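Okay, so here's the structure we're looking at.
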Amino acid sequence: MNLIEVATWQQARDFLDLPKRLYKNDPNWICPLNSDVEAIFDPSRNVFFSHGICNRWLLADKNGQFIGRIAAFINYEKSHKNPQPTGGVGFFECIQDEKAAFLLLDTAKAWLKSKGMEAMDGPINFGENDKYWGLLIHGFKSPSLGMNYNPPYYKDFFESYGFTKLYDQLTNFLDATTPLPERFTKISDWVMKKPDYSFRHFDKKQFDQFAADFREIYNDAWSDFENFTPIEMGTIKESFRQMKAIMDEKIIWFAYYKNEPIAVVLCLPDVNQILKHVNGKLNLWGKLKFFWYSKTMTVDRLRIIIMGCKKKFQNHGIESALIRCLQLEVLPRNTIKGVELAWVGDFNDKMLALHEATGAKQDKIHRTYRIVFS
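Encoded structure:
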């Protein structure tokens, strides 16, 4: 086997194309957009390069055919907040060969150690944890946009190598064809009628204000979580730029108390139902196919990517009211059959309780692992 450090345009292309061959016979796999993955490794588009570094490798067999890949990265704003300086690995793909998998992991480990790291988390992303994060260990079905998908045997690779569970991110599924529980609806409607509260959906024309509101809410809501670092405006702008083509303004809602931004729910259509037809390519032909399918089929699922509430307004029913705003918007469309409530950490008891109150059921589990170097 031959390890190749990604250094040329062609090698970067091979890095993107490898999964297309590995998953060609898996009907559940949906190719991520090439442009979205490329943006992760582009210093001009990923603000994490301002305080971090990354590297990528390909693994070829004796015939020169690529059989695996991996990326390693260090976010210096978070790496030293752990008991040991900790880097990360991600974008791992490999044939079902433990020797090949371990060689990829060894390579990433050696690079991280050479940069002073003493542990690594994975599989994670060189960016925020709203996409390309965690190993799928339960719910092997087609992924939503930005959600990792992998074969079940990857779990054996990571655990045999010595990784142990750090935390799980849970995705629950809400059947939109079934009414919300009566108690949930009563509480949310009561909150929405309170005179000091107001609820507004996103408006692209007021992007800067909504982006600032989002940052204020996010940096307050998650500040108590372990290894938290405030989100940067550059990250928000890049994320919204990537979402622009698929964004539906009326399913992104903000809550305000006397005009102070206090909570947000960011929801997107599950456009992977369309993107599975473009094979990761939004070139001219890909855009034409995307346009065709967007006009001839109906996206019937939504995905809640982020929901957060400032700490002093938690347990006031605000999050319930935001979900009610979504329901009142999408139900009259008669097109949405389900909503994914995604990416809730198993440590986030309050949000998990909210999911349970809606009647949502467990759908997928993505696990983040850690290994401390010996």
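Here the working numbering = 1-based position in the sequence shown + 95. We treat Cβ as the ideally placed atom computed from N, Cα and C, and that holds for glycine. Keep in mind the model is a prediction, meaning the values are calculated, not measured.
What are the partner residues of residue i, as DSSP defines its beta bridges?
i	result
C149	F168
H233	I460
S293	Y351
A155	N97, F161
I466	M215
E188	R164
Once DSSP output is grouped into helix, strand and coil, what is the label at residue i?
i	result
N314	helix
V439	strand
Q106	helix
F320	coil
I212	The question names Ile, but residue 212 in the sequence shown is Met. Correct three-state label for M212: coil.
V434	strand
L128	coil
V142	helix
G182	strand
F136	coil
I331	helix
F221	coil
Y249	helix
L240	coil
Y227	coil
D121	coil
D298	coil
A340	coil
P325	coil
K115	helix
K176	coil
A455	coil
Is the beta carbon of residue i less than 9 Å from the beta carbon of residue j?
i	j	result
F221	F168	yes
W348	H296	yes
K250	I232	yes
K173	T330	no
R164	F187	yes
T266	H461	yes
T487	R419	The structure shown does not extend to residue 487, since the chain spans only 96 to 469, so no value can be given for it.
F385	I369	yes
F408	A340	no
L397	V359	no
Q160	P246	no
L199	L261	no
A205	R151	no
N378	S293	no
A316	F335	no
I148	M96	no
S415	I326	no
K445	N410	yes
D441	L449	no
Y464	L230	yes
G381	V394	no
W285	G185	no
Quick one, which of the options has its alpha-carbon nearest residue i's?
i	options	result
D343	L113, K390, V366, D156	V366
D131	M242, F279, W206	M242
G470	E193, Q191, D201	No statement about residue 470 is possible, as the shown extent of the chain runs from 96 to 469 and does not include it.
W104	N120, P127, E133	E133
N314	M328, F302, Q301	M328
D263	D121, A437, W152	A437
A455	D444, L111, G433	G433
I466	L363, V286, G257	G257
D112	R428, G375, L397	G375
L421	S239, I99, M287	M287
D270	E435, A102, Y352, V101	E435
C362	Y352, S334, M402, Y388	M402
Y244	I431, E193, L377, W124	W124
F252	P218, A316, P238, K226	P218
K289	Y352, K345, F268, F309	Y352
M215	A203, D225, N129, K405	A203
R140	M212, K459, K332	K332
E451	V101, R278, L154	R278
H175	D395, K194, H146	H146
A102	P127, N120, D137, D121	D137
Heavy atom of the ligand SAM less than 8 Å from the Cβ of residue i, yes or no?
i	result
A358	The ligand SAM is not part of this structure, which contains no ligands at all.
Within the stretch 343 to 426, note down every full alpha helix (DSSP H) run reaching 4 residues or more, in order along the chain.
Under the rule that a run must span 4 or more residues, the alpha helix (DSSP H) segments found entirely inside the stretch 343 to 426 read 367 to 370, 379 to 391, 413 to 425.
List, from N- to C-terminal side, the beta strand (DSSP E) runs of 3 residues or more that fit wholly inside the stretch 258 to 289.
The qualifying runs are 259 to 270.
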